[in-house]
């Protein structure tokens, strides 16, 4: 089974004007990503009520957690690309199989990472600059281990979101994410602060209720760990609902139990596409990890400021990330339909849209840097953290447009199946350029944390120049990775090529680089 068309919300991206379907695809992704950041911002806001050590703990932890989550995002790209190209080529009957294989593979990987990460969490935190024996280190270990245990739930939701995105339905994941964030916002302050001295009850005029609940339970919250527990719980609920929707066929794609039985040919294809994508996406997290270690040389206040600054930056560039994922679908479906120029046009259109959007955001962040940062920190060290964080936003903010266009170009490369190419550019930009310039400005030149900010901004400019020059060559459009003809056999039919289809490109490996 492959689809339940009665409630199919897929956007048509292979016919007509490009701007409208691109926006229709990308806007829900932007909103979904905004809600995703809402998880992190809610955690930062309420943990910020616990003081600077707690916020620093989140910064250390997220340097690790974001890196691990990037692995899931990379393999989710494989699901998006294969679903999009099969739909564009008219092979909708194979989509359910791809969905089931993607979910099975990623959940098995997440279970393994969960166990290993739990055991190695203390050591990993030391690598990013957390000092054993400090209050921040203790908070970070507890938070990180809780997140590792909940990885299968977090990864499960990402898979649902990405599979539907490849199909062309970006609204259903938005609705499910909105539900999860609303639930998280409700339980976050309770899980973190409990019923004692919880500002939320005061703002709502419910001090009496808080006093009654505290007298009955004595619950003072889980502290920093409560933020992780709330995130894992709400993501788990979202993953369960998403899986039910896939089995029911209510969202265009429909899976059956047989689709979850691992098939080596499909898993191999997922790995060929997903492994480079995982490396590519994890380079951003790796750069945050490296830069966090450099910032840690300037003290925990700088680390807290950097943590807040990166969260704000992640929110500002959400339109770019949303357009990049939309571009994956536009490029994937149009290359699957042999419409190469239309695929290129989608990338150019997205680059123009993101340039206009991020120019406006840059002005706002530059003008209101202090109050924006100050909203996320109170108590011990708040003044110093706010000043350092505002400096970060004003320096890095000048490069937001360049970073946004880079994300869009990467979306085009991934949509074509050229995930190895996207990986190379990400390694050059996020690891080589960022690490080299941040280190050079901060240590040899002696600018400290400020040097890290300038290094990050410089790298953002250079990476889009390198990727843009290659994009203009046009050879990235030659890599259609799942090219099945109309004569393909049914799912899992051993006749034909990989995964029961005739071998693409005359039997050549269809995932060869450009």
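Residue numbers (my numbering): 1424 to 1937.
Glycine residues also receive a C-beta, built at the ideal position from the N, C-alpha and C atoms.
Since the model is a prediction, treat every value here as computed from it, not as a measurement.
Taking the Cα positions, residue 1669 is about 17 Å away from residue 1509. Secondary structure note for residue 1688: its alpha helix (DSSP H) is the uninterrupted segment 1687 to 1719.
If you draw a straight line from the Cα of residue 1476 to the Cα of residue 1865, it is about 23 Å long.
Restricting attention to alpha helix (DSSP H) runs no shorter than 4 residues, the segment 1763 to 1851 encloses them at 1763 to 1790, 1792 to 1797, 1805 to 1819, 1823 to 1838 and 1842 to 1849, ordered along the chain.
Under the 8 Å Cβ criterion, the segment 1764 to 1780 does not count as touching the segment 1515 to 1529, having fewer than three qualifying pairs.
Less than 8 Å separates the beta-carbon of residue 1848 from that of residue 1890.
By a beta-carbon distance limit of 8 Å, residue 1768 does not contact residue 1504. Their separation comes to about 19 Å. Residue pairing by DSSP places residue 1674 opposite 1676 in a beta bridge.
Taking 4 residues as the minimum length, the alpha helix (DSSP H) runs contained wholly in the segment 1436 to 1493 are 1442 to 1470, in order along the chain.
Inter-segment contact for the segment 1476 to 1486 and the segment 1745 to 1760 is absent: fewer than three beta-carbon pairs are separated by less than 8 Å. For residue 1808, same chain residues with a beta-carbon under 6 Å away, outside a window of 5 residues either side, are 1724, 1727, 1728 and 1800 in chain order.
For residue 1877, the enclosing alpha helix (DSSP H) has its first and last residue at 1872 to 1894. Just so you know, the alpha carbons of residue 1580 and residue 1659 end up roughly 8 Å apart.
It is roughly 26 Å from the alpha-carbon of residue 1780 to the alpha-carbon of residue 1468. About 7 Å separates the beta carbon of residue 1845 from that of residue 1700, a gap short enough to meet the 8 Å contact definition. Boundaries of the alpha helix (DSSP H) harbouring residue 1586: 1574 to 1590, taken from the DSSP string. If you look at residue 1635, you'll find it in the alpha helix (DSSP H) that goes 1630 to 1640. Between the segment 1675 to 1687 and the segment 1648 to 1658 there are fewer than three inter-stretch CB-CB distances shorter than 8 Å, so the stretches are not counted as touching. Our two residues, residue 1721 and residue 1878, have alpha carbons roughly 15 Å apart in a direct line. For residue 1495, the three-state secondary structure derived from DSSP is helix. The C-alpha of residue 1550 lies about 20 Å from the C-alpha of residue 1850. Per DSSP, the continuous alpha helix (DSSP H) segment holding residue 1549 begins and ends at 1518 to 1550. In the DSSP annotation of this structure, the continuous segment of the alpha helix (DSSP H) that includes residue 1742 starts and ends at 1741 to 1759. Each residue's CA atom was taken as its position, placing residue 1556 and residue 1619 some 27 Å apart. At the C-beta level, residue 1656 and residue 1460 stay beyond 8 Å of one another.
Take residue 1522, set aside five residues on each side of it, and the residues of its chain with a beta-carbon closer than 6 Å to its own are 1586, 1676 and 1678, in chain order.
With a beta-carbon spacing of about 7 Å, residue 1795 and residue 1788 fall inside the 8 Å limit used to define contacts. Residue 1567 has its alpha-carbon roughly 10 Å from the corresponding atom of residue 1537.
The alpha-carbon separation between residue 1826 and residue 1600 amounts to approximately 25 Å. Residue 1574 is a Cβ neighbour of residue 1491, given a cutoff of 8 Å. Between residue 1749 and residue 1452 a beta carbon distance of about 6 Å is seen, short of the 8 Å cut, so the two are scored as contacting.
Contact annotation, residue 1857 with residue 1666: C-beta distance approximately 37 Å; criterion of less than 8 Å not satisfied. Collapsing the DSSP output to three states places residue 1618 in coil. In the DSSP assignment, residue 1683 falls outside any alpha helix (DSSP H) and carries neither an H nor an E. A direct Cα-to-Cα measurement between residue 1738 and residue 1457 gives close to 6 Å. Here the alpha carbons of residue 1569 and residue 1462 stand approximately 15 Å from one another.
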